[in-house]
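Q: Please find one structure pasted underneath; my questions will follow.
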Amino acid sequence: MLKTKLIPPPGKLIRVKGKQMHIRISGLPGGKTVVFDHGCGYGSYSDTWSLVEEKVAPFAQTVVYDRAGYGWSEKGSVPRNNEEAVEDLHELLQAAGVRQPFIYVGHSYGGVNARLYAERYPENLAGIVLADASHEDELTDRFPREHVKGQKSGIWMFRMLYWLTRAGILNWLLQRNKLKDFEALLKHFPEPIAERMRLMTPQRATGLAVYQEFKNLQLGYDAVRNKSLPAGLPLLVLKSGKVEHLEKLPSGIADKITSCLLDVAEEMSQLSDQGELVVVEDSGHNIHIERPDAVAQGIRQML
């Protein structure tokens with residue numbers, strides 16, 4: 000049984016292209032609007048923004064949603080990719096009556112969506128915040144082959160996790176706190192949210208969405224490559240100061256990967272003539288979870 004049938008959605012469900020999509024609007028009534036887009040992966044859905052939401056809610060209207068297959072949103076048609084996600088979001092925001100222009104905050108995969116949205120619907124945006132966003136060169140020889148290999152191995156890994164989800168094994172592991180990296184992230188959340196994330200994560204629809212999105216990420220990269228943002232659009236690029244999962248690599252390779260990631264973050268900050276780069280030194284990839292104050296501060300300054 001889907002966990003969405005056991006846990007009522009905290010927001011509302013709106014039909015978009017034949018599927019129900021979950022959106023939650025909260026925060027300051029009448030305030031400027033901030034829309035949050037989560038990353039690609041297990042545990043990445045609307046609840047992951049809750050720590051930032053509570054800090055932004057006093058001074059802005061906050062909008063979080065679940066992409067197709069995540070959280071309380073039904074699965075969408077396949078293949079899933081960034082372009083499908085952007086069009087879904089555009090229709091969802093229109094149907095929900097979300098005020099525009101808005102600030103688009105995208106983490107990781109969601110950062111690619113934010114850039115693509117700016118390409119398609121620039122008039123709807125008041126600014127963009129990229130939180131450790133993925134970059135289109137991460138699958139090219141600009142990066143050491145160890146990094147590229149690690150990125151591409153994610154396709155195999157997420158395919159395997161999808162089958163573990165179908166077999167109920169992922170749920171078994173989560174309910175017994177066996178996934179240490181996941182549990183380390185959950186420690187940042189109040190226990191009721193953490194427990195809800197354990198229950199919401201191992202859904203078949205999520206497994207399929209994660210696998211499809213990651214497998215088709217190159218399409219999103221191609222769509223934003225060599226594309227600047229509209230002139231005058233405020234842009235904040237938040238870059239993690241700690242690059243994770245490099246411990247087993249030779250120091251020279253690890254240093255090169257770290258340097259390349261900083262270089263592409265700097266380049267992303269130059270996509271707008273109003274761009275700024277801020278390195279969040281004490282955070283890893285999940286800046287919105289480890290340092291929600293840094294994300295909230297960036298949004299406040301943009302408003």
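Under numbering that gives the first Met the number 0, the first residue of the sequence shown carries the number 0, and numbering increases by one thereafter.
For each residue, glycine too, the CB sits at the ideal point set by N, CA and C.
What does the Cβ neighbour count give for His244, buried or exposed, with the cut at 16 atoms within 10 Å?
A: Residue numbering aside, residue 244 sits at position 245 when the sequence shown is read from its first letter. So His244 ends up on the exposed side.
Q: Considering only the beta carbon of each residue, do Arg299 and Phe58 sit closer than 8 Å?
A: Locating residue 299 in the sequence shown gives position 300, counting from the first residue. Locating residue 58 in the sequence shown gives position 59, counting from the first residue. Cβ distance < 8 Å, so Arg299 and Phe58 count as in contact.
Q: Residues bridged to Asp180 by DSSP?
A: Your numbering for residue 180 matches position 181 in the sequence shown. Per DSSP, none; premise fails for Asp180.
Q: Which of the three DSSP states, helix, strand or coil, is assigned to Leu1?
A: For the purposes of this step, residue 1 is identified with residue 2 of the sequence shown, where counting begins at 1. Note that Leu1 scores 47 on pLDDT, short of 50, meaning its location in the model is unreliable; the coordinates nonetheless yield the value given after this. Reduced to three states, the DSSP call for Leu1 is coil.
Q: Look at the Cβ atom of Gly240, then the Cβ atom of Glu289, and state whether they are nearer than 8 Å.
A: Within the sequence shown, the letter at position 241 stands for residue 240. Within the sequence shown, the letter at position 290 stands for residue 289. Not a contact, by the Cβ cut-off of 8 Å.
Q: Would you call the CB atoms of Lys31 and Gln60 closer than 8 Å?
A: As a working mapping, residue 31 is identified with position 32 in the sequence shown. As a working mapping, residue 60 is identified with position 61 in the sequence shown. Going by C-beta atoms, Lys31 is nearer than 8 Å to Gln60.
Q: Rounded to a whole number of angstroms, what is the C-alpha to C-alpha distance between Met301 and Gly231?
A: The count along the sequence shown starts at 1 and reaches residue 301 at position 302. The count along the sequence shown starts at 1 and reaches residue 231 at position 232. Whole-angstrom Cα-Cα distance: 12 Å.
Q: Indicate the three-state DSSP secondary structure (helix, strand or coil) for Val111 in the structure shown.
A: Locating residue 111 in the sequence shown gives position 112, where the first residue counts as 1. Helix, per DSSP.
Q: For the alpha helix (DSSP H) holding Ile154, just list the boundary residues, first then last.
A: Position 155 of the sequence shown, counting from 1, holds the residue named residue 154. Taken as a continuous stretch (DSSP letters only), the alpha helix (DSSP H) holding Ile154 covers Arg144 to Arg165.
Q: Val223: buried (16+ other C-beta within 10 angstroms of its C-beta) or exposed?
A: By one-based count along the sequence shown, residue 223 stands at place 224. Burial call: buried.
Q: When you compare the CB positions of Lys151 and Leu138, do they come within less than 8 Å of one another, or not?
A: Looking up residue 151 in the sequence shown gives position 152. Looking up residue 138 in the sequence shown gives position 139. Yes, the Cβ-Cβ distance between Lys151 and Leu138 is below 8 Å.
Q: Using the C-alpha atoms, what's the distance from Arg197 back to Gln174?
A: As a position in the sequence shown, residue 174 is number 175, starting the count at 1. As a position in the sequence shown, residue 197 is number 198, starting the count at 1. Answer to the nearest angstrom: the Cα atoms are 7 Å apart.
Q: Which of the three DSSP states is assigned to Ala293 in this structure?
A: On the sequence shown, position 294 is the one that residue 293 refers to. Correct three-state label for Ala293: helix.
Q: What is the DSSP secondary structure of Val242, reduced to helix, strand or coil?
A: Stepping through the sequence shown from its first residue, residue 242 is reached at position 243. If DSSP states are grouped into helix, strand and coil, Val242 belongs with coil.
Q: Whose CA, out of Ile127, Tyr108, Gly75 and Gly26, lies closest to the CA of Leu50?
A: Counting from one through the sequence shown, the residue named residue 50 turns up at place 51. When only C-alpha atoms are compared, the closest one is Gly26.
Q: Measuring only the C-alpha atoms, how far is Ile168 from Arg203?
A: Counting from 1 along the sequence shown, the entry for residue 168 is found at position 169. Counting from 1 along the sequence shown, the entry for residue 203 is found at position 204. Cα to Cα, the separation comes out at about 12 Å.
Q: Classify Gly105: buried if its beta carbon has 16 or more other beta carbons within 10 angstroms, exposed otherwise.
A: Here residue 105 corresponds to residue number 106 of the sequence shown, with the count starting at 1. So Gly105 counts as buried.
Q: Just how far apart, CA to CA, sit Glu265 and Leu5?
A: By one-based count along the sequence shown, residue 265 stands at place 266. By one-based count along the sequence shown, residue 5 stands at place 6. Near 44 Å, if we compare the C-alpha coordinates of Leu5 and Glu265.
Q: Just mark Tyr44 as buried or exposed, buried being the case when its beta carbon has 16 or more other beta carbons within 10 Å.
A: Start at 1 with the first residue of the sequence shown, and residue 44 comes out as number 45. Looking at its Cβ environment, which holds 16 or more other Cβ atoms inside 10 Å, Tyr44 is buried.
Q: Out of curiosity, what's the CA-to-CA distance linking Met159 and Pro28?
A: In the sequence shown, residue 159 corresponds to position 160, counting from 1. In the sequence shown, residue 28 corresponds to position 29, counting from 1. Approximately 43 Å between the Cα atoms of the pair.
Q: Pick helix, strand or coil for Gly283, following the three-state DSSP scheme.
A: Sequence index remark: in the sequence shown, residue 283 carries index 284 (1-based). In this structure, Gly283 counts as coil in the three-state DSSP scheme.
Q: Tell me, which residues are paired with Glu20 by DSSP?
A: Translated into the one-based positions of the sequence shown, residue 20 becomes position 21. Sequence inspection shows Met at residue 20; the Glu mentioned does not correspond to that position. In DSSP, Met20 forms a bridge with Ile13.
Q: Spatial neighbours of Ala293 within its chain, please: C-beta separation below 8 Å, excluding the five flanking residues on both sides.
A: Numbered from its first residue, the sequence shown carries residue 293 at position 294. These residues qualify, in order along the chain: Leu237, Val277, Val279, Ser282 and Ile286.
Q: Where do the N-terminal and C-terminal ends of the beta strand (DSSP E) with His106 fall, by residue?
A: Taking the first residue of the sequence shown as 1, we reach residue 106 at position 107. Here the beta strand (DSSP E) through His106 covers Phe101 to His106.
Q: Which residues in the same chain as Gly126 place their Cβ atom closer than 6 Å to its Cβ, once the five residues preceding and following it in sequence are excluded?
A: Counted from its first residue, the sequence shown places residue 126 at position 127. Result list for Gly126: Ile102, Pro233 and Met301, in chain order.
Q: Which term fits Ser76, buried or exposed, when burial requires 16 or more other beta carbons within 10 angstroms of its beta carbon?
A: Numbered from 1 along the sequence shown, position 77 holds the residue referred to as residue 76. The residue in question, Ser76, is exposed, as its Cβ has fewer than 16 Cβ neighbours within 10 Å.
Q: Kindly indicate the opening and closing residues of the alpha helix (DSSP H) around Thr205.
A: Here residue 205 refers to the residue found at position 206 when the sequence shown is read from its first residue. From DSSP, the alpha helix (DSSP H) with Thr205 extends over Arg203 to Lys214.
Q: By the 10 Å Cβ neighbour count, where 16 or more other Cβ atoms means buried, how is Arg114 classified, buried or exposed?
A: Within the sequence shown, numbered from 1, the residue matching residue 114 stands at position 115. Under this definition Arg114 is a buried residue.
Q: Tell me whether the beta-carbon of Ser72 lies closer than 8 Å to the beta-carbon of Arg66.
A: Residue mapping note: residue 72 aligns to position 73 of the sequence shown, counting from 1. Residue mapping note: residue 66 aligns to position 67 of the sequence shown, counting from 1. Taking 8 Å as the Cβ cut-off, Ser72 and Arg66 qualify as a contacting pair.
Q: Which of the three DSSP states is assigned to Pro189 in this structure?
A: By 1-based counting over the sequence shown, the position of residue 189 is 190. Looking at Pro189 - three-state DSSP - the assignment turns out to be coil, as it is neither helix nor strand.
Q: CB-CB under 6 Å to Thr257, same chain, minus the five flanking residues each way: which ones, in chain order?
A: Counting from one through the sequence shown, the residue named residue 257 turns up at place 258. Val242, listed in sequence order.
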